[in-house]
Each structure stands twice: as C-alpha cells, then as structure tokens.
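J.: I have a structure here, written as structure tokens, and I will follow up with some questions on it.
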DNA sequence: CGAGCAATTGAGACAAGTCAAAGCTGGTGG
DNA sequence: CCACCAGCTTTGACTTGTCTCAATTGCTCG
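See below:
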C-alpha cells in the first residue's frame, strides 16, 4: 500500500545528490515508476516531471524530513525504507508509518511538516519543490486523482492503526503488524519464505505503541503459542496464518 | 477542520429523505456550503452538483454507514455531529473521529466502507451516488483539489491521534481532546464561554482509547488541578489554557 | 415519584511499563 | 584468529497506570 504523508532536508551531514533528473530517460527508467504516482503519467508528461526532480541518496539513520520545519519540498521514495514519526518533548516517539518504494512523502497543506522521516536502510528518493508540485498537479489532473486515491488508502490504514493503538492488546498488535508486513511483501501469495523485518524492536515498539521489552516478550509468546518461528531476530516464519489472523482481528477471548 | 473518511445507508429504520436536492437554489442556500467542499464550486456548477444529491435527515443514534457494507454512496454532512468508528468482534470500539457540518464521508477507494457512522444529535446530510461523484470530480477538477486538501488535513490529524493513542497518558489525552474541541468551536478566539460537549463519556473514552471510568476520573483530576471547571457534566470551562496546552503537548513530567 | 441511563467513585486485578542484568551478534583491531 | 566493545535483544523482578467489577449518585422524563 502506498504511503502518503507529511513531514526538511536537513541532518548532521547533507544527503548526497546523485543526479539531476532532468532527462526524460531518468523517470522513464525509474525503478519504482509503476509503484508510484508517476504511473499515472504517459511518456510525454514524464519529461516535464523529470525536469522538476532531483534524485538523492541517504544513508541509514539519516533524517531528511524534520517535524516542524518549513515544508518546502515533497518526496517520492524510489528505493529503501523510511520511518515516519512524531516526538513528544520528553522523547516519547510514535512511528506513524513506514514508507517504501513508490511512496509519496511531504504533501502538506500546512506550512510545516507534521512529522519527521528517517531512512532505515540506504534510501533513494526524488525531491520536488512545493511550487513544482503545484504547477505539476495543475498540468496533470490525472496525478491529482492518483494522489487522492493514495491519500484515501492512507486514511483507511490510519483508521485501522487507531483501532490497533486504542483497543488491541500487545499480542493482537504484533499479530496485526506481522500480517501487514507479510501482506506488503507478497500480496495475496502466501509464500513459506521467511519474512524479513528491516526495522528494529525499538521501531516496532514505537509503531505499535509498546515498549521494546513488551515487543520482545510478545514475540516470544507468539513463538511459544506455535504461531510463528523466529530466526536471528529479524527473520520470521508464520506457522499458523489463520490463528494469527484470528488473533489480529480480535477474536481471541482466551490467551 | 473538515473530516474526510470512509465507512451503508442502513439501520433499524430508514433515515428520512427530506428533499430531492434537484433545484439550483437548494445548494445555493445550503447552510454549510462555505464549510464544505462545495465552496470550491461557482453558481453554475452548483446546479449540476445539486442534481446528484438527496438531502436526508437522521435522528440521534441512527447508524447510516456500516463498516463492511458496499460503499455505494458518499455523504456531505450539512448539520449535526456524527461519530465514526470501527469495531472488534467482541465489541471493543475505536472512534476514529467526529464529523461536523461541511465534512465529507464515505470516500473510499475500496468497495466497502472501512468504518461506521452514527448520528450523535439530529443530523442532516446530502447523499451522492458513487458514480455521481466520479463524474462530478471529472467535470470539476477544482473539487478534486479541494478533496485532496481535505484528505491531507485529515491525515495530519490522524497522525496526531496516533501519537495520542500510542504515547500519551490519560491526562494528556483528555487535555488534547478538550483543546481540540475548543479549537474547533472557536478557532483562534479564546472565549470564556463554556465548552459544550455533544458526546458522552463513553464516546470520549472510545475516541481516546480509554474506559468510561478513566475518562471520568481524569475529568475530576483536571478539575482538582485547577485546569478546568465542570458544569453539568457536559459544559467545561478551561481555567488554565497554558497549563492544559503544556499538559497536552507532553511537557509535564510531574503529576 | 420511580425507572432508566449516564456519570462518579471506590477497591482490587492485571497488562504493560520500568529498571536491571545477562545473552547474542557483528565489527574492529591487536 | 581471537578478544573486546557496542548495540540490540531477551529475560527476570517489581511497579504502576489503567481496567474491571461493583456500588452509589444524579439527572431526565414519563
């Protein structure tokens, strides 16, 4: 599911500008074109789109959008995984989502980003100026439709996450998370391949509204219940998908 | 802030169709036109919009959108307040938001509503068919832009709510809620008028991811702290706005 | 005036948090 | 090649904020 969010290109050291994406061929051969909003454009329109973009790479841990900063740019992720989060003054953190190849970041009506974005692994993205986006959307209404669809899906996902954060138990949260991860990796197809998690226990905890310790203990409980198997902490095999689904959907009254 | 959400026109007894909104004057004189997406349209376009709408009234407690039902219609609320929620099989409920005059409901990419909607007080809304919306948006790109803006704002609000549900204490949640309610009622202006809450303690609890008892106790604690005064359970006066803001923003380490 | 519902308050239980210690893993350099 | 360090994860013991259960109060309306 594409991500659509809000969140300055600043950090300890600047991310690396890889290329000016001013050639038609740039977007034409983009590794994530089908996955992104750019899929809505035909060859000719891609040319104009490319003229407005700068391709940038960022190392793991790099924060390239900071909550509260002026929302001057928006981003289209073409490679890697990014975590989006909000902070409270005392350091409490809530990860509001993970963005992947094809996802759109930084769209905001307000003058400032409402969240921060940090690369989890090595990341590549296209950067557009806010003004650039506006004229682009005016010229290509089809992209606007696409953005609306993406935003609608994001809203559905956000509501689901509110249900999780407000009403589900730790076990239910982790079950929901694992199923969502698997669904994202291989939609529909149920492979027996282990699911590899790119995020740490801390990230999972901050995404599910739990602590690291509770996430760890809950992994162990799911393992002991025979629902999953764990290899090397970040490779998970789902042993009982139906059981996990029942758990995630809140059917369990027993523990 | 306008609401933009997802959630069949069904319930125990059907809501009352008040009028076919087929006359130009209908939307022209609409009590919530400025507040809604319709504000984007000029006189001429309003004519076409009205042709597609049915005006309906519903009593308090009426559920007019049910999660999981086919998403055949979408709605524009013109009067009253609506709660939007998701349920787990055992009855646990999460209210994902409250919709007010001017808010848009039911926009969904998926075939089914992702949430239910229930009238809190007497409600009036315009109902459009899904197909109607599609052709409308095709004809009036300006409305699509408007919807995108609304959806963007909703997403920002949803992220804020995730922070609240995942990381804030009961006191912080209620403080955030009260400030948001006041902000919605009188944006910017800080009146000394008591804030009147249209929802029950149960609704507030299900919105904040708490129980009725905790909400009640937390109201009492805020009162004892001198932050608010409570009249008649549903009329609140904010006595110390700055204190409440600090609390809501998570600055408090003491209690 | 009593039925019914919402809200409050109290007492005790429990799920998840906190604090602390130890295990595991991967990288680095002697 | 191995020892050591640093960071992540797991596990244990204990605490606590919120939930659950239950009783009481207060309000509204017939």
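Residue numbers (my numbering), protein chains in the order written: chain A, 13 to 267; chain B, 13 to 267. Quick reminder that beta carbons are idealized off the backbone N, C-alpha and C, glycines included. Computed from a predicted model, the values in this text were never measured in an experiment.
(1) The beta strand (DSSP E) with residue 128 of chain B in it runs from where to where?
(2) So, does the CB of residue 98 of chain A fall closer than 8 Å to a CB anywhere in chain B?
(3) With a threshold of 8 Å between beta carbons, is residue 35 of chain B in contact with chain A?
(4) Between residue 193 of chain A and chain B, is there a C-beta pair that is closer than 8 Å?
(5) Residue 115 of chain A and residue 89 of chain A look like a contact to me (Cβ under 8 Å); what is the Cβ gap, rounded to whole Å?
(6) Buried or exposed for residue 82 of chain A, going by 16 or more other Cβ atoms inside 10 Å?
(7) Given that residue 177 of chain B touches chain A, what residues does it touch there, using C-beta distances under 8 Å?
(8) Three Cβ pairs or more, each shorter than 8 Å: is that satisfied between the stretch 172 to 190 of chain B and the stretch 246 to 265 of chain B?
(9) Taking 8 Å as the threshold, find out whether the stretch 138 to 154 of chain B comes into contact with the stretch 94 to 110 of chain B through three or more Cβ pairs.
(10) Mind checking which residues open and close the beta strand (DSSP E) that includes residue 182 of chain A?
(11) In this structure, how does DSSP classify residue 251 of chain A when only helix, strand and coil are distinguished?
(12) Along the chain, which unbroken stretches of the beta strand (DSSP E) at least 3 residues long are found entirely within the stretch 91 to 159 of chain A?
(13) How should residue 195 of chain A be labelled, buried or exposed, when 16 other C-beta atoms within 10 angstroms of its C-beta is the threshold for buried?
(14) In its own chain, which residues sit with a C-beta less than 6 Å from the C-beta of residue 182 of chain B, not counting the 5 before and 5 after it?
(15) Does residue 177 of chain B come out as helix, strand or coil in the three-state DSSP assignment?
(16) Distance check for residue 61 of chain A and residue 249 of chain B, CA to CA, integer angstroms please.
(17) Check for me: the alpha helix (DSSP H) holding residue 70 of chain B runs from which residue to which?
(18) Determine the DSSP secondary structure at residue 34 of chain A, reduced to helix, strand or coil.
(19) Could you have a look at residue 83 of chain B and say whether DSSP puts it in helix, strand or coil?
(20) Looking only at its own chain, which residues have a Cβ that is under 7 Å from the Cβ of residue 19 of chain B, when we skip the five neighbours before and after it?
(21) Would you say the beta carbon of residue 241 of chain A is closer than 7 Å to some non-hydrogen atom of the ligand PLP?
(22) Output needed for residue 276 of chain A: all residues of its chain with C-beta closer than 8 Å, excluding positions within five of it in sequence on either side, in chain order.
(23) Are any of the Cβ atoms in chain B nearer than 8 Å to that of residue 114 of chain A?
(24) What do you reckon, are the CB atoms on residue 102 of chain A and residue 178 of chain B nearer than 8 Å?
(25) Residue 222 of chain A by DSSP, collapsed to three states: which one?
(26) With DSSP collapsed to three states, give me the class of residue 228 of chain B.
(27) Return the chain-ordered list of same chain residues with a C-beta closer than 6 Å to the C-beta of residue 84 of chain B, the five sequence neighbours on each side being excluded.
(28) Going by DSSP, what residue range makes up the beta strand (DSSP E) through residue 75 of chain B?
(29) Residue 21 of chain A to residue 171 of chain A, Cα distance in whole Å?
(30) Would you kindly check if the distance between the Cβ of residue 210 of chain A and the Cβ of residue 132 of chain A is under 8 Å?
(31) Drop a sphere of 10 angstroms on the beta-carbon of residue 109 of chain B, count the other beta-carbons inside from all chains shown, and report buried for 16 or more, exposed for fewer.
(32) Can the beta-carbon of residue 139 of chain A be found less than 8 Å from the beta-carbon of residue 66 of chain A?
(33) From the DSSP secondary-structure annotation, give me the bridge partner or partners of residue 208 of chain B.
(34) Does DSSP put residue 89 of chain B in a helix, in a strand, or in coil?
T.: Reading off the structure:
(1) Residue 128 of chain B -> beta strand (DSSP E) spans 128 to 131.
(2) yes
(3) The pLDDT assigned to residue 35 of chain B is 47, lower than 50, so where the model puts this residue is not dependable, and the model offers no usable value.
(4) Not closer than 8 Å to any Cβ of chain B, the Cβ of residue 193 of chain A fails to qualify, so no.
(5) 5 Å
(6) Exposed, by the Cβ-count rule.
(7) 174, 177, 178, 221
(8) Taking 8 Å as the limit for Cβ pairs, the verdict is that the stretch 246 to 265 of chain B does touch the stretch 172 to 190 of chain B.
(9) By the criterion of at least three beta-carbon pairs nearer than 8 Å, the stretch 138 to 154 of chain B is not in contact with the stretch 94 to 110 of chain B.
(10) Here residue 182 of chain A belongs to no beta strand (DSSP E); instead the alpha helix (DSSP H) covers 182 to 197.
(11) coil
(12) 94 to 99, 105 to 111, 128 to 131, 135 to 141
(13) exposed
(14) Non-local beta-carbon contacts of residue 182 of chain B in its own chain, meaning distances under 6 Å to residues more than five positions away in sequence, involve 222, 226, 230 in chain order.
(15) helix
(16) 52 Å
(17) Looking at the DSSP string, residue 70 of chain B is not in any alpha helix (DSSP H); the run it does join, the beta strand (DSSP E), is 66 to 70.
(18) Low local confidence applies: a pLDDT of 45 at residue 34 of chain A is under 50, so the model's placement there is unreliable, with the coordinate-based value given in what follows. Coil at residue 34 of chain A, not helix or strand.
(19) The answer is coil: DSSP assigns residue 83 of chain B none of H, G, I, E or B.
(20) Note that residue 19 of chain B scores a pLDDT of 39, beneath 50, so its modelled location is shaky; the value from the coordinates is reported in the next line. Answer for residue 19 of chain B: 77, 79, 96, 117, 118, 125, 126, 127, 128, 129, listed in chain order.
(21) Of ligands this structure carries none, so the ligand PLP is not represented either.
(22) Since the first residue of chain A shown is 13 and the last is 267, residue 276 of chain A is not available in this structure.
(23) no
(24) no
(25) coil
(26) helix
(27) 142
(28) If you look at residue 75 of chain B, you'll find it in the beta strand (DSSP E) that goes 75 to 77.
(29) With a pLDDT of 35 at residue 21 of chain A, under the threshold of 50, the modelled position of this residue cannot be trusted; read the value that follows with caution. Roughly 29 Å separates the two Cα atoms.
(30) yes
(31) Buried: at least 16 other Cβ atoms inside 10 Å.
(32) Annotated as proximal: residue 139 of chain A and residue 66 of chain A, with beta-carbon spacing under 8 Å.
(33) Residue 208 of chain B pairs with B:247.
(34) Three-state DSSP puts residue 89 of chain B in a strand.
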